Amino acid sequence: MTPTATRPDGALDGGAVGAPVVRSEGLTKRFRNGQVAVDGIDLEVPRGAVYGFLGPNGSGKTTTIRMLLGLVQATAGRAWLLGEPMPDGGARVLPRVGALVEGPAFQPYLSGRANLERLDAVDASAPRRTSARRIGDALERVGLAAAARKPYRQYSLGMKQRLGLAAALLRPRELLVLDEPTNGLDPQGTREVRHLVRELAGEGATILVSSHLLSEIDQVCTHVGVMRQGRLLVQGPRDALGTADAAQVVVTTEPGSLAQARETFARLGLEETAVDGEVVAARLGAVALADVAPALVAAGVPVLGLEIRRPTLEDLFVELTGQGFDVSG
Amino acid sequence: MSRGEALETGPATVAPAAAATTPAAAAREDAEVRATRGAFGRLLRSELRLVLGRRRTQLLVLLLALVPVLVGTIVRATVDSAFSGQGPGFIERVSGNGLFLVVTALFLCLPLLLPLGVSIAAADAVAGEASAGTLRYLLVVPVGRGRLLAAKAIAALTLVVVAIALVTAAALVTGWVYFGYGDLDLLSGQSVSAAAGFARMLGVAGYVALSLTGLLAVGLFFSTLTEVPIGVIAATVVVSILSNVLDSLPQVEAIHPFLLSHHWFDFAEFLRAEVSWSLLGQGLLVQLAWVAVFGSLAWARFTTADITS
Amino acid sequence: MNRTLLRWTVPAAAAVAVVAAATIPTLASADSPELPDRTPEELAAAVVEAEPVPMSGSAVYTARLGLPEIPAQMTGGADPLNLLSGSSTIRMWTDAEGRSRVSLLGTTSEYSVVTDGPEAWTYASSSHQVVHLTLGPDAQEHLADAEAEHAAAEAAGTLPTPQDLAQQLLERAEEHADVTVGDAVVVAGRAAYQVVVTPTDDGTLVDRVVVAVDGETLVPLSVQVWSTEATNAPALELAYTDVSFSAPSDAALTFSTPSGAEVTEKVVELGDLDAAPEHTGDVPDGVTVSGEGFATVVERSGGDLEALLTGDPAAVADELDHPLGGGPGEELFGDMGGGTELDRAALYEQLTTPVDGGRLLSSTLLSVLVTDDGRILVGAVPGETLLEAAGLA
């Protein structure tokens, strides 16, 4: 019996199996200047998921995260974290949530360690006697133990980002909200963060990770939500998104056989056939992949290479929005 | 900004969880351990360390403490010159009795330097954290906003008190070294013993510190409105100057008794034969009124504001 | 959203509470307290004849004479000159037995007049100067004990107290004004009668004088002098803000010279005393008086104008003495002779405006004309009246 289930306010039991860890209903934020940053979104992040929260800069991801964490008041709609309504349940639920919001921010003249000590001192429910150990562990985990005594202002961008992650890991967390966690990291750092996210997920934490870099999320997330201009275009399990028939079959052949390959594809009923150099590609659609290679061989097309391309998140995004992802901004 | 608010936003009572095996359950258990007793004390100590440990603040306080040293040195150097006995406030009395250096220093600091210090303390408290982006991380730790504001207000007030205490201490030491202490001649012409004079100087310092609480509350309110600390400093200093200006205009004398700065110089009461406690009380009541209004404004604003920095 | 609004009601409530706390005492005092009926004559006489009672209190003095404010830098601290404009706080203690202390409070300074029988001291904290006044032998010989007690204090240039001011104004009220009793008011937390004195002569700048007299002890608690030229606030106001009718402590009433203070000894001779001509009823040489009551114009010729213009304090005091025969003018201009070192020539330039044939000082209560041929005219009348009287209009 978890104590949350006995709360008199009748809030949802955050520990119940199947109850979403993050949920919102019609969550809306209209800023005072009239701009609608978030427009009635219904989020649902199941327990144990690594939820990729995608969208170009300015699409409302950060504002949504701020509303979820109680930093920004929703104009309309409701939100729950771990079954507790936000922002009212913040004092109860936020200790179980680690967050990195819009990049790291610390007192520049304090050391990394002193900054974490400060955050831990602010936490009314953090056990004081384990403070030093927990801080040490968190620094160790993000690889900052050696630089812990250096003032924050001397940190590189990557170190700053790591310290932000360490702050989110000061206590065991059920939910981690990581807003652009790889921002500013070099490829090695990015790989480390990805590794960390997998590790945390493996330990049972639910992770909501936002990014405008689709490729880095693509490799870790189990669920995806895509935002554009304040609206949640689509969300669901990664595998269910982008229907199976969106997969492409790509055959590499000799230049003289390109036309033949193309005819074969047409005969099989593949659509959207395109020729590019020595490669012929087509959407697989409902055609069984097993039928493709024999048909090509039967038609006398020399198959130098055959591959199946599943759509990337980028493709998915383009498909959903009809436009490219603003990677630069 | 009251204590009541600090209590109100404290975490709700939750019973300790049963032994947990999964990390998620461990997280829950850890979080739901009762908010440790003295959590506010821990928060406050952390705030104080932050505020008093800041180099820039230390430098500022040190510069303030240099005022009495500087004034004392100048008076000492010119004691036999044509400039002797000239200058503002009590400066002409300093060479006769080192105790007067306390009032002289505070008199010189009160119109501008101390309000500036108050403004900086207020600006750093909330707007400073907002501009550094650290405010959002404090709030998601989480910490109740009312609680955080209360800790910040107390820390800022402590900074002001420390600044005034250091100015007073520097003045007492400088005055003693250069001129020694003696019976204190009051403004009314009577004199009191050096010990009584010393106590009266402490009264002056205490009253000056309390006189600045209203301005601090105004500054804190400004601090909750913006993410630009320099704007808070400017606005708060302007308020104190405006208050002084209005106080000198006879056309608006109806509002004089309610102005922030109207009773600032009433610290001189401690130098009169019969200290008018009712006048000092009025001065403190005016400060209390400003603290009540602007403190609650700061609280209302800070507990409802969208943190977008 | 509702909760947001709810939060903002807290500061709103705090503001309302503060405004209420600030205004309710004022409103409460606006209620007219109950006092037994007394006739105007009875009250006026009681004030004029009142014997001093032991008391102490703080009074606020406000002058709205339409004169430029004298910057504090000019006077260097608490100085009687501050009484020409703006607000000042005065504290007084008296044991009613010849000992008293009256202090004018500056921001960080004090000007005190301490009287002990035939001796008096003034002490200015900003200049750290003491003036000790004692009566000369002939003065002591010629004056009765009671007169001697006031002589030194008068020579010191007293600071106004509501009692003094009320007495001086009401003394002349009987002949030249209508006296009525207005609604009772609360002054310094005490129920008080209001005696309203309206000059019968409309040639004066004084519209009316309102004196609040304590319902119990009949001690004047406040004096307001209203000008005909400014009707929204009294031109001169002196009112206790708190008062206590118990004997003050010895410490407040004794004077000891502060260490290192510069002491000026001043012996008051009979000739120095303004009281002398008043008592004999003579008008001194070179002085002519025209008009009567509140519209009296005093003209003095052959004055030491040069000394006046170069700022000899004694000359200023001498020349400007007693324009109202003991009214507020004395308090104001008599005290210009106080012991401060400031640029009086500059002050004179600042306060007066050039007119054909002289320089004129106009305030809402008093006008002073200094003619180029060395005459000085003073009166509680408009400047034109003085110009006419001087033959310059």
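Chains as they are written, first to last, in my numbering: chain A, 1 to 329; chain B, 1001 to 1309; chain C, 2001 to 2393.
Every residue, glycine too, gets a C-beta built ideally from N, C-alpha and C.
Keep in mind it's a predicted model, so treat the numbers as computed, not measured.
Thr312(A) and Glu216(A) have their C-alpha atoms some 11 Å from each other. A Cβ of chain C is located within less than 7 Å of the beta carbon of Ser1188(B). When Asn33(A), Val226(A), Leu165(A) and Thr206(A) are compared, the shortest CA-CA separation from Ala105(A) is found for Leu165(A). Not flagged as an interface residue toward chain A: Arg1145(B), since no C-beta distance is shorter than 7 Å. According to the DSSP secondary-structure assignment, Glu2119(C) is paired through a beta bridge with Asp2116(C). Sequence-distant Cβ neighbours of Ala1171(B) in its own chain, meaning closer than 6 Å and more than five residues away, are Pro1068, Leu1101, Val1102 and Ala1105.
Annotation for Phe53(A): the continuous beta strand (DSSP E) segment containing it runs Val50 to Leu54. Of the candidates Ser2109(C), His2128(C), Leu2135(C) and Leu2104(C), the residue whose Cα lies closest to the Cα of Glu2119(C) is Leu2135(C). When DSSP states are grouped into helix, strand and coil, Lys2266(C) belongs to the strand group. Inter-segment contact for the region 162-178 of chain A and the region 137-147 of chain A is present: three or more beta-carbon pairs are separated by less than 8 Å. In the DSSP assignment, Ser1309(B) falls outside any alpha helix (DSSP H) and carries neither an H nor an E.
Within 9 Å of the CB of Arg1200(B), no CB atom of chain C is found; the nearest one sits about 14 Å away. Among the residues facing chain C, Pro1111(B) is not included, as its CB has no counterpart in that chain under 7 Å away.
Distance between Leu1050(B) and Ile1120(B), taken at the CA atoms: about 14 Å. The region 190-198 of chain A makes no contact with the region 105-116 of chain A; the number of CB pairs closer than 8 Å stays below 3. Identification of chain A residues near Ser1046(B) by a Cβ-Cβ cut-off of 7 Å yields Arg118, Ala121 and Val122, ordered along the chain.
Contact with chain A is found for Thr1134(B), since one of that chain's Cβ atoms lies less than 7 Å from the residue's Cβ. Under DSSP, no beta-bridge partner is assigned to Gly70(A). Excluding residues up to 5 positions away in sequence, Gln2129, Val2130, Val2131, His2132 and Gly2339 lie with their Cβ nearer than 8 Å to the Cβ of Thr2264(C) in the same chain. DSSP places Ala2046(C) in the helix class (H, G or I) of the three-state scheme. Taking the beta carbon of Pro1142(B) as reference, the chain A residues within 8 Å of it are Gly70, Gly90, Ala91, Leu94, Pro95 and Asp123, listed in sequence order. Judged by beta-carbon spacing, Gln2194(C) lies within the 7 Å limit of Val2210(C), meaning their Cβ atoms are closer than that value. Below the 7 Å Cβ cutoff, chain C contributes Glu2110 as neighbours of Arg1272(B), in chain order. Tyr155(A) carries a coil assignment under DSSP once its states are collapsed to helix, strand and coil. DSSP places Leu2133(C) outside any alpha helix (DSSP H); the residue lies instead in the beta strand (DSSP E), whose first and last residues are Gln2129 to Leu2135. According to the DSSP assignment, Asp137(A) belongs to the alpha helix (DSSP H) that extends over Ser131 to Arg141.
Your pair Val2213(C) and Ala2192(C) checks out as a contact, with CB atoms roughly 6 Å apart and the cut at 8 Å.
About 5 Å separates the CB atoms of Val301(A) and Ala261(A); that is less than 8 Å, so the two are in contact. When only Cα atoms are considered, Thr1057(B) and Leu1297(B) end up about 26 Å apart. Closest option to Phe53(A), judged by alpha-carbon separation, among Pro108(A), Ala259(A), Tyr152(A) and Leu178(A): Leu178(A). Taking the beta carbon of Leu1297(B) as reference, the chain C residues within 7 Å of it are Pro2011, listed in sequence order. Fewer than three beta-carbon pairs drawn from the region 1297-1308 of chain B and the region 1268-1288 of chain B are found closer than 8 Å, and the two stretches are therefore not classed as touching. Interface annotation, Ala99(A): in contact with chain B, CB-CB separation under 7 Å. Looking from the CA of Ser2227(C), the closest CA among Thr2039(C), Ala2380(C) and Ser2301(C) belongs to Ala2380(C). Contact note: Gly1096(B) reaches chain C through His2128, Ser2259 and Gly2260, using a C-beta cutoff of 9 Å and chain order.
By the C-beta density criterion, Gly1283(B) is buried, having at least 16 other C-beta atoms within 10 angstroms.
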